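Top to bottom, those sequences are chains A and B. Start counting the first sequence at 1; every next residue gets the next number (UniProt numbering). Start counting the second sequence at 1; every next residue gets the next number (UniProt numbering). C-beta atoms are modelled at their ideal positions from N, C-alpha and C, and glycine is treated no differently. Source: prediction; values computed, not measured. Below you'll find the structure, written out as structure tokens, and then a few comments.
Number of protein chains: 2
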Amino acid sequence: MTHNAIELVEVGPRDGLQNEPDIISTRSKLELIERMLGFGARRLEVASFVHPARVPQMADAEDVIAGLPDRADATYIGLALNKRGVMRGIATREGGKRGIDQIGCVLVASDTFGQKNQGQTIAEGIAENRDMIRFAKAEGIRAQITISAAFGCPFEGEVKPETVLQIAEEMAAEAPEEIALADTIGVGTPAQVSDLFGKLRELLGGKIPMRAHFHNTRGTGIANAWAAYQAGVLIFDASLGGLGGCPFAPKATGNIATEDLIYMMEHSGIDSGVDLEAAITTNHWFAEKLGRQLPSMVARAA
Amino acid sequence: MTHNAIELVEVGPRDGLQNEPDIISTRSKLELIERMLGFGARRLEVASFVHPARVPQMADAEDVIAGLPDRADATYIGLALNKRGVMRGIATREGGKRGIDQIGCVLVASDTFGQKNQGQTIAEGIAENRDMIRFAKAEGIRAQITISAAFGCPFEGEVKPETVLQIAEEMAAEAPEEIALADTIGVGTPAQVSDLFGKLRELLGGKIPMRAHFHNTRGTGIANAWAAYQAGVLIFDASLGGLGGCPFAPKATGNIATEDLIYMMEHSGIDSGVDLEAAITTNHWFAEKLGRQLPSMVARAA
Numbered sequence: 001m002t003h004n005a006i007e008l009v010e011v012g013p014r015d016g017l018q019n020e021p022d023i024i025s026t027r028s029k030l031e032l033i034e035r036m037l038g039f040g041a042r043r044l045e046v047a048s049f050v051h052p053a054r055v056p057q058m059a060d061a062e063d064v065i066a067g068l069p070d071r072a073d074a075t076y077i078g079l080a081l082n083k084r085g086v087m088r089g090i091a092t093r094e095g096g097k098r099g100i101d102q103i104g105c106v107l108v109a110s111d112t113f114g115q116k117n118q119g120q121t122i123a124e125g126i127a128e129n130r131d132m133i134r135f136a137k138a139e140g141i142r143a144q145i146t147i148s149a150a151f152g153c154p155f156e157g158e159v160k161p162e163t164v165l166q167i168a169e170e171m172a173a174e175a176p177e178e179i180a181l182a183d184t185i186g187v188g189t190p191a192q193v194s195d196l197f198g199k200l201r202e203l204l205g206g207k208i209p210m211r212a213h214f215h216n217t218r219g220t221g222i223a224n225a226w227a228a229y230q231a232g233v234l235i236f237d238a239s240l241g242g243l244g245g246c247p248f249a250p251k252a253t254g255n256i257a258t259e260d261l262i263y264m265m266e267h268s269g270i271d272s273g274v275d276l277e278a279a280i281t282t283n284h285w286f287a288e289k290l291g292r293q294l295p296s297m298v299a300r301a302a
Numbered sequence: 001m002t003h004n005a006i007e008l009v010e011v012g013p014r015d016g017l018q019n020e021p022d023i024i025s026t027r028s029k030l031e032l033i034e035r036m037l038g039f040g041a042r043r044l045e046v047a048s049f050v051h052p053a054r055v056p057q058m059a060d061a062e063d064v065i066a067g068l069p070d071r072a073d074a075t076y077i078g079l080a081l082n083k084r085g086v087m088r089g090i091a092t093r094e095g096g097k098r099g100i101d102q103i104g105c106v107l108v109a110s111d112t113f114g115q116k117n118q119g120q121t122i123a124e125g126i127a128e129n130r131d132m133i134r135f136a137k138a139e140g141i142r143a144q145i146t147i148s149a150a151f152g153c154p155f156e157g158e159v160k161p162e163t164v165l166q167i168a169e170e171m172a173a174e175a176p177e178e179i180a181l182a183d184t185i186g187v188g189t190p191a192q193v194s195d196l197f198g199k200l201r202e203l204l205g206g207k208i209p210m211r212a213h214f215h216n217t218r219g220t221g222i223a224n225a226w227a228a229y230q231a232g233v234l235i236f237d238a239s240l241g242g243l244g245g246c247p248f249a250p251k252a253t254g255n256i257a258t259e260d261l262i263y264m265m266e267h268s269g270i271d272s273g274v275d276l277e278a279a280i281t282t283n284h285w286f287a288e289k290l291g292r293q294l295p296s297m298v299a300r301a302a
């Protein structure tokens, strides 16, 4: 049996940290990113362009980006929730600076959650994200899109697969770099993941890569990653140690842990380019900085 | 898509508690078991017949068993590591008492771990367990067998699938009630689970049911349960809250949590007869008794 390698998108610096109550210094964020590059992460979500009043932890987004190592083998993602965010992303590249390499757009598959999280209904999100992708492309920067709350909404409960697939179809028309489905609140199960990614795969017909974003809130995160892999997904978001959560989603605990994802994949014969031991060492270093153990089970067992 | 229902074997009272540093009173154990019956568990591992010097928590095995509610719809399992254990199990039924309904035999798929855990090499374990199953049967009590460390050994590392399958073949000849594969130290991955249970299924040819026993030490427990389900396993060990571990396996943390298993199954359209809300309530009651939060993610998110 041959196995396709996977690609890790290390979201620790953004999704992982945005929920931290204490502000992490720009310098510490940059040290974390350098160490992540050191353990083999090659694509990293480094910041989000949100209003500092909403997510104070991301107030230094431009400073973090200005301090990123200029490595040819790295891809830096900046998250944007609206056109203003895209403009901030583009601005990081002005004056010949490297800036970010990719804009991550986010569209919530629920009217209620979308309105609470970024002031948009689904229809408004589709219109806004269409503009965002076009705008980014016009400025020569790659853009990808994440459909969040794709497996359930903290306010509305069930999210219909048709809703998610309709959004995906509208967005696919803009030819983004990739389309991700995110279980933002960690309610999804492997059966649901197989079903929804199976349908997305069919819809995209191999023309646009799929990415998966899971949270481990109910213990299903790693099972969902495996189900997604089986459904053809080869790009996975994860955060070092399982840091993270969403400040606007009640009880949405951490992302799946990078170490746990890599352990499962590596011991299934699936390569990721990540040095697991080095990731665990980075976890222990950062856990000491935060003064608490991180959720990753693999790092605890080490 | 139709889904086969699963059967939960609630191992909290034995595998879950044996590692607890403080001795739980017989009365509390019985209250825990009654509450587990209350949330819908119908098969329970209630005690093990080991020497109290080795596992002090199980010193009251006979007292727990004497106090079990005499319910026709319940199956009580007593674990035995050798013939002496089987004799103790049989003795619980003497004098017209209900006692236990089933003997759980255990055979370690590693010479080193087997010797440390129960003083047996694999070959000695095969001989002993053959006798144990025959002995139980002769006394009119059902016996099933668990092949432990089937996915890896804390001392030897890799455990070869052929080793596990050879043990299974030897044991299948004794026609036990079921054969379980246990990832005692929580190192297994879904790819490994699919492979090994797939091969076991082939070997058993549907004549003997399969059971799966996973620990979540490296975060793969729920993913492994899903892979096992896909490979045809319908009986799953789990412990309330994810209590548990093995005192003789270094860093072998808890069993997969009953709540997390049931959540995944229930939200995949797979019935288990367990009332998830009631299980979570029982978790919170017992967590308060122990004075600490239990690992189950679902119970934390509730």
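- Message: Looking at the strands, I want to know which residues DSSP matches up with residue 282 of chain A.
- Response: Answer by DSSP bridge pairing: none, since residue 282 of chain A is not bridged.
- Task: Starting from residue 159 of chain B, find everything on chain A with Cβ-Cβ shorter than 9 Å and list it in chain order.
- Result: The premise fails here: residue 159 of chain B is roughly 13 Å from chain A at the closest Cβ pair, so nothing lies under 9 Å.
- Please report how far the alpha carbon of residue 72 of chain A lies from the alpha carbon of residue 44 of chain A, in whole angstroms. 13 Å
- Message: Measuring alpha carbon to alpha carbon, tell me which residue in B/217, B/238 and B/172 is nearest residue 209 of chain B.
- Response: B/172
- Item | Where residue 71 of chain A meets chain B, residues with beta-carbon distance less than 9 Å | Near residue 71 of chain A there are no residues of chain B at all, since even the closest Cβ is about 29 Å away, more than 9 Å.
- Query: chain A partners of residue 260 of chain B, CB-CB under 9 Å?
  - Reply: 218, 219 and 220
- In the DSSP assignment, what residue or residues form a beta bridge with residue 78 of chain A? A/47 and A/103
- First and last residue of the alpha helix (DSSP H) that includes residue 306 of chain B? Outside the displayed range of chain B (1 to 302) lies residue 306 of chain B, so it cannot be described from this structure.
- Message: I'd like to know if the region 58-65 of chain B and the region 275-288 of chain B are in contact, where contact means that at least 3 CB-CB pairs between them fall below 8 Å.
- Response: Not touching, per the Cβ criterion.
- Item | Proximal residues of chain A, C-beta to C-beta of residue 269 of chain B below 7 Å | Below the 7 Å Cβ cutoff, chain A contributes 191 as neighbours of residue 269 of chain B, in chain order.
- Determine the direct distance from the alpha carbon of residue 126 of chain B to that of residue 113 of chain B, and round the result to whole angstroms. 14 Å
- State the Cα-Cα distance for the pair residue 3 of chain A and residue 78 of chain A, rounded to the nearest angstrom. 30 Å
- Task: Output the distance between the C-alpha atoms of residue 120 of chain B and residue 215 of chain B, rounded to the nearest integer angstrom.
- Result: 23 Å
- For residue 264 of chain B versus residue 189 of chain A, is the C-beta spacing smaller than 8 Å? yes
- Item | Interface partners of residue 87 of chain B on chain A, CB under 9 Å | Those do not exist, as residue 87 of chain B stays about 37 Å from chain A at its closest Cβ, beyond 9 Å.
- Task: Determine whether the Cβ of residue 301 of chain A lies closer than 8 Å to any Cβ atom of chain B.
- Result: yes
- residue 229 of chain A versus residue 157 of chain A - alpha carbon distance: 25 Å
- Taking just the CA atoms, how far does residue 237 of chain A sit from residue 75 of chain B? 43 Å
- Answer with buried or exposed for residue 239 of chain A, where buried requires no fewer than 16 other C-beta atoms within 10 angstroms of its C-beta. buried
- How close, in whole Å, do the beta carbons of residue 154 of chain B and residue 185 of chain B come, if the pair is a contact with beta carbons under 8 Å? 5 Å
- Message: Using 8 Å for Cβ pairs, my map puts residue 273 of chain B next to residue 257 of chain B. What's the rounded Cβ distance?
- Response: The Cβ separation is near 17 Å, so there is no contact.
- Item | First through last residue of the alpha helix (DSSP H) which encompasses residue 193 of chain B | 190-204
- Message: Taking 6 Å as the limit between beta carbons, can you name the residues of its chain near residue 193 of chain B, skipping five residues before and five after?
- Response: Closer than 6 Å at Cβ, skipping near neighbours: 224, 227 and 228.
- Do we get a CB-CB distance below 8 Å when we pair residue 257 of chain A with the residues of chain B? Yes, residue 257 of chain A counts as interfacial toward chain B.
- Query: Candidates A/49, A/53, A/7 and A/64: which alpha carbon is nearest residue 26 of chain A's?
  - Reply: The shortest Cα separation from residue 26 of chain A among A/49, A/53, A/7 and A/64 belongs to A/64.
- Message: Taking the straight line between their C-alpha atoms, what separation do you get for residue 66 of chain B and residue 92 of chain B?
- Response: 7 Å
- Euclidean distance between Cα positions of residue 70 of chain A and residue 206 of chain A: 31 Å
- How big is the Cα-Cα spacing for residue 132 of chain B and residue 105 of chain B? 7 Å
- Message: Could you pull the DSSP bridge partners for residue 211 of chain A from this structure?
- Response: A/180 and A/235
- Message: Considering only the alpha carbon of each residue, which of B/167, B/199, B/49 and B/10 lies closest to residue 40 of chain B?
- Response: B/10
- So which residues on chain B does residue 210 of chain A lean against when the C-beta distance must stay under 8 Å? Here the premise fails: no neighbours, minimum Cβ distance about 19 Å.
- Of the listed residues B/271, B/287, B/254 and B/293, nearest to residue 300 of chain A (C-alpha basis): B/254
- Message: Can you look up residue 157 of chain B in the DSSP assignment and give me helix, strand or coil?
- Response: Assigned with DSSP and collapsed to three states, residue 157 of chain B falls in strand.
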